[in-house]
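When you line the sequence shown up against the working numbering, it's residues 4 to 426, in that order.
Idealized CB from N, CA, C, for every residue including glycine.
Quick caveat, the model's predicted, so the values are computed rather than measured.
Working notes, structure below.
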Amino acid sequence: MRISSRDTGKTMVDASLGEIMTTCEKINWLLSEGEQWLKPEYRSSGRSMLHKRAKVEFHPLGVIGAIVSWNYPFHNIFNPMLTAVFSGNGIVIKISEHASWSGCFYFRIIQSALAAIGAPEDLVEVITGFAETGEALVSSVDKVIFVGSPGVGKMIMRNAAETLIPVTLELGGKDVFIVCDDVDVDHGPPLAGKYDMGALCMHEHSEKLEGLINDALDKGAEIVARGSFGHIGEDAVDQYFPPTVIVNVNHSMRLMQEEAFGPIMPIMKFSSDEEVVKLANDSKYGLGCAVFSGSQDRARDIASQIHCGVAAVNDFAATYMCQSLPFGGVKHSGFGRFGGVEGLRACCLVKAVVEDRWWPFVKTKIPKPIQYPVAENAFEFQESLVEALYGLNIWERLQALVNVLKMLTEQNPAGESIKKKNN
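This is the structure in structure tokens:
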């Protein structure tokens, strides 16, 4: 926790809750349920293949390449690593240049764990570097998992397209937090207590956040609450951004269209459920949503209409603590899923397998009328076979079955009529 806190500026509580606890939950889920989801999964074989056993097998892909962001340095390393290794793969993780110190520290923990169980020391690799390092990684692995901005995600996808490497992209978000009028909200003074430290960010990003707010203010928005820096020294003020609550916003403002990635809460009013759904979907992002209502059904109905990958009903961000669930978004928030059953299987080669159910007694055989050279009644036979298997009327199906059996027992060899015509 101290390492993550020191490298990112987050509080110890945030590091424990957002990184340690979520990672422990993932480990617990993998140990409890992971193996069962990687076992062969048997499927129905359909009417025409009743004599076959159909199944799906999950095999390792090979080497997974993960490029992760700086904001959760511990979890962003362990999350893809646990999934990749559990499903039988090796993994190379390119950590953010803004969190290299903590990433290298955590890598030593992984190396010690691998050595303790006698696993190959190169099963997991952690590398540092800038854009060129990520580009090299993308071109030399069997799958890429990327966590970062939409702009970089598009570049990753273009590079992966050269070799048709599959990609999972977990990109930006503009998650909507909906509070309906039937919610009993506890009121209190804004930012009460001693929670006065904003989010750590680079100076350039701090300037971007100020730009988003100034653009909103110029278009009629109003700041109703803003935090302070407390006891932070003047030389560090540029590295933090104060929590800010802003109202009277609309979708013409950059703040409502761009990912802020900072402690800014813009608040909009809505007059109906239909309007709030329209406002929520008026975004190029689609990662998550949280909907609060005094009626569980109402909250569930609103959440179901929002175009996003994860939704919390009368809760916030609870989906990520349920590690059996997939995580990911749509639109500019990316595609593919990591986490949960879907994320585990996404690190696998998914193979469809068909085998004899009653070997060696019943095997697939091409019916005589459609063996090459096909008989004159081949099309009639095929029509009757389709009707017998899939017809909607039971009597017509029985009649078609009789025709099928009759044609199968005919002594006329395939193509005999053709030979007679040739003579």
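Option nearest residue i by Cα separation, candidates the options
i: Leu-167; options: Gly-156, Gly-154, Val-147, Val-186; result: Val-147
i: Ser-327; options: Lys-211, Leu-20, Glu-36; result: Glu-36
i: Asn-31; options: Asn-82, Ser-48, Glu-399; result: Asn-82
i: Lys-334; options: Ile-309, Glu-345, Gly-343; result: Ile-309
i: Asp-125; options: Arg-56, Tyr-393, Ser-115; result: Ser-115
i: Leu-34; options: Ala-119, His-54, Val-95, Val-88; result: Val-88
i: Trp-73; options: His-101, Val-66, Leu-85; result: His-101
i: Ala-349; options: Val-16, Met-24, Ile-113, Leu-41; result: Leu-41
i: Phe-244; options: Ile-112, Pro-266, His-254, Asn-253; result: Pro-266
i: Val-144; options: Asn-284, Val-95, Val-365, Gly-106; result: Val-95
i: Ser-152; options: Gly-332, Ser-298, Asn-406; result: Gly-332
i: Phe-384; options: Val-365, Leu-408, Arg-56, Thr-367; result: Leu-408
i: Val-353; options: Arg-50, Glu-60, Arg-56, Glu-28; result: Glu-60
i: Val-71; options: Pro-376, Val-316, Gly-137; result: Gly-137
i: Pro-76; options: Pro-63, Leu-53, Ser-105, His-54; result: Ser-105
i: Leu-388; options: Asn-406, Leu-282, Pro-376, Leu-395; result: Asn-406
According to DSSP, residues forming a beta bridge with residue i
i: Arg-46; result: Ala-57
i: Glu-128; result: Val-95
i: Pro-63; result: Cys-351
i: Val-357; result: Ala-57
i: Ala-69; result: Ile-96, Ile-148
i: Arg-229; result: Thr-247
i: Ile-181; result: Val-294
i: Tyr-288; result: Lys-334
i: Ala-139; result: For Ala-139, which the question treats as bridged, DSSP gives no partner whatsoever.
i: Phe-382; result: Partner(s): none; Phe-382 has no beta bridge.
i: Glu-427; result: Absent from the structure is residue 427, since the part of the chain shown begins at 4 and ends at 426.
i: Val-170; result: Val-147
i: Phe-341; result: Phe-330
Three-state class that DSSP yields for residue i in the structure shown
i: Lys-272; result: coil
i: Phe-264; result: coil
i: Ala-224; result: coil
i: Ser-8; result: helix
i: Tyr-2; result: The requested residue 2 does not occur in the structure, where the chain is confined to residues 4 to 426.
i: Leu-401; result: helix
i: Lys-371; result: helix
i: Glu-277; result: helix
i: Leu-20; result: helix
i: Val-186; result: coil
i: Leu-328; result: coil
i: Val-316; result: strand
i: Phe-81; result: helix
i: Phe-89; result: helix
i: Lys-29; result: helix
Whole-number beta carbon distance between residue j and residue i, since they are thought to touch under 8 Å
i: Leu-258; j: Asp-178; result: Not a contact, Cβ separation roughly 14 Å.
i: Gly-91; j: Leu-140; result: With a Cβ gap of about 20 Å, Gly-91 and Leu-140 do not count as contacting.
i: Gly-175; j: Ser-336; result: 6 Å
i: Glu-38; j: Lys-58; result: The pair is not a contact, with the Cβ atoms about 16 Å apart (cut-off 8 Å).
i: Val-150; j: Glu-173; result: 5 Å
i: Cys-107; j: Val-129; result: 7 Å
i: Leu-392; j: Ser-99; result: With a Cβ gap of about 56 Å, Leu-392 and Ser-99 do not count as contacting.
i: Phe-319; j: Phe-180; result: 7 Å
i: Ala-228; j: Val-248; result: 4 Å
i: Phe-295; j: Val-186; result: 5 Å
Residue i burial status per 10 Å Cβ neighbour count (16 or more: buried)
i: His-78; result: buried
i: Ala-355; result: exposed
i: Ser-231; result: exposed
i: Lys-97; result: buried
i: Asp-10; result: buried
i: Thr-26; result: buried
i: Val-252; result: buried
i: Val-280; result: buried
i: Arg-161; result: exposed
i: Glu-262; result: buried
i: Val-170; result: buried
i: Arg-340; result: buried
Neighbour flag for residue i against chain E, beta carbons, 8 Å
i: Ile-369; result: Absent from the structure is chain E; it holds one protein chain and no more.
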